[in-house]
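To start, the structure under review is shown below, and the notes come after it.
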Amino acid sequence: MPSAAGELRLRRVRRKASAAPGRRPEPARAMPQAPSLRTGTPSPRTGTLPRVGVLGLQGDFALHAARLTELRCEPVRISLPEHLAGISALILPGGESSTMLRLLDSTGLRAPLERLVHELPVLGTCAGLILLAREADRLPRPTFDVLDITAERNAWGRQVHSFTGAVRLEPGGEEVDGVFIRAPRIRRVGPGVEVIATHAGEPVGVRQGRAAALAFHPELTADPRLHAWFLREVAELPLPEPR
Ligand code: GLN
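Take 8 as the starting number for the sequence shown in the numbering used here and just add one per residue.
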């Protein structure tokens, strides 16, 4: 006699089987559908959208992914070396840089990711800025040294001192809200590095060639301008113009 749970399971299996008698696997779709420009709904199966990797070991993957989808890219969660194949740009999100560095070692991602951040356009936010910096304090492993800056971790204070403040984008002086959560301070900016954002007169966003970093979390507001700027201007991805 099967147990009640076993009986239930059997019934489910039987029902499934009888619902699709002789069902064959669906043939692969011959023609991928073009993504709909009007709805802005990306169609990840078409392979026509630029694939942008978001490091997803720890920290904020989901909101960056949502923003990428909105801007017509295909977000790819990077947690193993094989996920890096075929991406056009990378985002290193906020989180805890020391934990990320340890996890990069244990997953085998350190070496391939370190190579790619020197080759592909990359955006680091908060902990991601720390990973990209030349120097940062109190870390278990060296940083990637993609940006000639020195970052001081947690230098705006502890979690309770987290704040939202006005960030001025340079050049031009447009303003966005910056959400600073145990954010690093940029203590030194090397000669080849552009300051692209300031808060209260100090640098909170930098760019050096195809690498950019922000000390705050652009994914935590509804404002897509900084992701759009990275994808269009830094990464030079062919995205549709904003409507
Ligand atoms: N304090 C974190 C670190 O040092 C960064 C915080 C964040 O990413 N919001 O890595």
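Positions of the beta carbon are idealized from the N, C-alpha and C atoms, including for glycine.
Taking 7 Å as the cut-off, one finds no heavy atom of ligand 1 near enough to the beta carbon of residue 95. In terms of side-chain proximity, the C-beta atom of residue 216 is found no nearer than 7 Å to any non-hydrogen atom of ligand 1. Between residue 147 and residue 95, the CB-CB gap reaches or exceeds 8 Å. Of 164, 166, 165 and 184, the smallest CA-CA separation from residue 173 is found for 184. Per DSSP, reduced to three states, the secondary structure at residue 148 is coil, with no helix or strand assignment.
Across the structure, residue 141 and residue 121 are spaced so that their CA atoms are roughly 13 Å apart. Residue 113 has its CB no nearer than 7 Å to any heavy atom of ligand 1. Of the residues 60, 160 and 115, the one whose Cα lies closest to the Cα of residue 137 is 160. Take residue 144, set aside five residues on each side of it, and the residues of its chain with a beta-carbon closer than 7 Å to its own are 159 and 160, in chain order. Bounds of the beta strand (DSSP E) holding residue 184 are 181-187. With respect to the 8 Å criterion, residue 132 and residue 224 are classified as neighbours on the basis of their beta carbons. When C-alpha distances from residue 152 are compared across 175, 215 and 180, the shortest belongs to 215. Rounded to whole angstroms, residue 66 and residue 226 show a C-alpha spacing of 12 Å. Annotated as distal: residue 139 and residue 235, with beta-carbon spacing of 8 Å or more. The Cβ neighbour count for residue 186, taken over all protein chains shown within 10 Å, is at least 16; the residue is labelled buried. For the set 77, 85, 221 and 111, the Cα lying nearest the Cα of residue 188 is the one of 221.
Counting the other Cβ atoms within 10 Å of the Cβ of residue 179 gives fewer than 16, which makes it exposed.
Here the C-alpha atom of residue 162 lies approximately 7 Å from the C-alpha atom of residue 190. In this structure, the straight-line span from the alpha carbon of residue 112 to that of residue 88 is close to 11 Å.
Per DSSP, residue 175 is not a residue of any alpha helix (DSSP H); the beta strand (DSSP E) it occupies stretches across 170-176. Of the candidates 155, 114, 194 and 228, the residue whose Cα lies closest to the Cα of residue 170 is 228. Straight-line spacing of the CA atoms in residue 71 and residue 86 works out to 15 Å. Between ligand 1 and the CB of residue 84, the shortest heavy atom gap is not smaller than 7 Å. The beta carbon of residue 68 sits closer than 7 Å to those of 61, 84 and 100, all from its chain and outside the five residues before and after it, given in chain order.
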